[in-house]
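Presented below is the structure to which this report refers.
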Ligand SMILES: [Zn+2]
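Numbering (this note's numbering), first residue to last: -12 to 320.
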């Protein structure tokens, strides 16, 4: 039996045996009311801004002229012993097949959230195939450099500066990574990548670098990708229509921090739609339906209960899970 199946099967067996809440995975049926359903008139609109959700925080923005791919993590290694104790690399066949299925032959930019493997590992191969420029931290450029990408396709971003691609504007704000268990932090993977990283490499060699909040602005709407952990005051004065929010962060904030998060990152910027991202088990292939992470890794239910309560108490924003592989119009709800 492939180890990709042994570990989940073991978890399933243990959870059945113990009934242990933390080993189980949340039931996505419970959030059917918060799933996106296409509105035909919007889908028919030509040349308008669309986004395709591709698991984790991979998001493909396209307005018919310009293509921006946040992260683009498609390999999703699933052999767990190899993932944790061996070496991993971008699977060029999966990358090529994914781009083909999406109809992507050219991209303008690949903004990278931070340099962990589940965000940055495939960026160099995607850039090589599409001609895109990778934008991110010094550590992210080390992953590109190690893969042999030419310097003109690698940009270390300046915080707060505007980067224009067609009608899009990208802006990076210093933010914070969700806290990880101490054991993982002790591997050095919350540090920097100081030298060109040659793949295959240990998962722990893909060190964080800097975690950003990434703004993807367009005349038709402003989006922001956010980790869920935050630095107070990071969004002052910004307006955001759609917040792509990594849900693993919210349950790790205490009550006062969560309230501050809501006030600063959702209410003050005038967010109209929250799209949960990075809730999926990213050891499973993107070609299969997404399944939430088990609760010990992420408590999606806790994050959702907070967001649902807020949206009911103080209406003004909707919560929508976006489907994978489907271009969703990003017009205001
Ligand atoms: Zn990370």
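Using N, Cα and C, we set each Cβ at its ideal position, and we do this for glycine too.
Here the structure is a predicted model, which means the values were calculated and not measured.
Could you work out which residue in 315, 193 and 255 is closest to residue 183 when comparing CA atoms only? The residue labelled residue 183 in the question sits at position 196 within the chain shown. The shortest C-alpha separation from residue 183 is found at 193.
What residue does the alpha helix (DSSP H) around residue 142 start on, and which one ends it? Indexing the chain shown from 1 puts residue 142 at position 155. Taken as a continuous stretch (DSSP letters only), residue 142 belongs to no alpha helix (DSSP H), being part of the beta strand (DSSP E) at 141 to 143.
Assuming residue 215 and residue 237 are in contact, meaning their beta carbons sit under 8 Å apart, how far apart are those beta carbons, in whole angstroms? Taking the chain shown and counting its residues from 1, the one referred to as residue 215 is at position 228. Taking the chain shown and counting its residues from 1, the one referred to as residue 237 is at position 250. The Cβ separation is near 5 Å, so the contact holds.
Determine which residues share a DSSP beta bridge with residue 205 and list them. Residue 205 sits at position 218 when you count from the first residue of the chain shown. Answer is 208.
Quick check: the stretch 191 to 206 against the stretch 87 to 101, are there 3 or more CB pairs under 8 Å? yes
Three-state class that DSSP yields for residue 259 in the structure shown: Position 272 of the chain shown, counted from the first residue, corresponds to residue 259. Of the three classes helix, strand and coil, the one that applies to residue 259 here is coil, per DSSP.
Return the bridge partner residues of residue 316 from the DSSP annotation. Translated into the one-based positions of the chain shown, residue 316 becomes position 329. According to DSSP, which records beta bridges pairwise, residue 316 is partnered with 37.
With residue 76 and residue 247 assumed to form a contact (beta carbons below 8 Å), what rounded beta-carbon distance in angstroms separates them? To locate residue 76, count along the chain shown from 1; it is residue 89. To locate residue 247, count along the chain shown from 1; it is residue 260. Not quite, the Cβ-Cβ distance comes to about 40 Å (not below 8 Å), so this is no contact.
DSSP puts residue 150 in a beta bridge; with which residues? Counting from 1 along the chain shown, the entry for residue 150 is found at position 163. Per DSSP, the beta bridge partners of residue 150 are 157.
Using only alpha-carbon positions, find the residue among 288, 106 and 308 that is nearest to residue 14. Indexing the chain shown from 1 puts residue 14 at position 27. In terms of CA proximity to residue 14, 288 leads the group 288, 106 and 308.
With the cut-off set at 9 Å, would you say residue 95 and residue 59 are in Cβ contact? By 1-based counting over the chain shown, the position of residue 95 is 108. By 1-based counting over the chain shown, the position of residue 59 is 72. Taking 9 Å as the Cβ cut-off, residue 95 and residue 59 do not qualify as a contacting pair.
Counted within 10 angstroms of its Cβ, other Cβ atoms place residue 93 as buried (16 or more) or exposed: Here the question's residue 93 lines up with position 106 in the chain shown. Exposed: under 16 other Cβ atoms inside 10 Å.
According to the Cβ coordinates, are residue 273 and residue 41 closer than 9 Å? Residue numbering aside, residue 273 sits at position 286 when the chain shown is read from its first letter. Residue numbering aside, residue 41 sits at position 54 when the chain shown is read from its first letter. Cβ distance < 9 Å, so residue 273 and residue 41 count as in contact.
Tell me which same chain residues have a C-beta within less than 6 Å of the C-beta of residue 155, skipping the five on either side of it? Walking along the chain shown from the start, residue 155 turns up at place 168. Taken in chain order, the residues that qualify are 53, 55 and 205.
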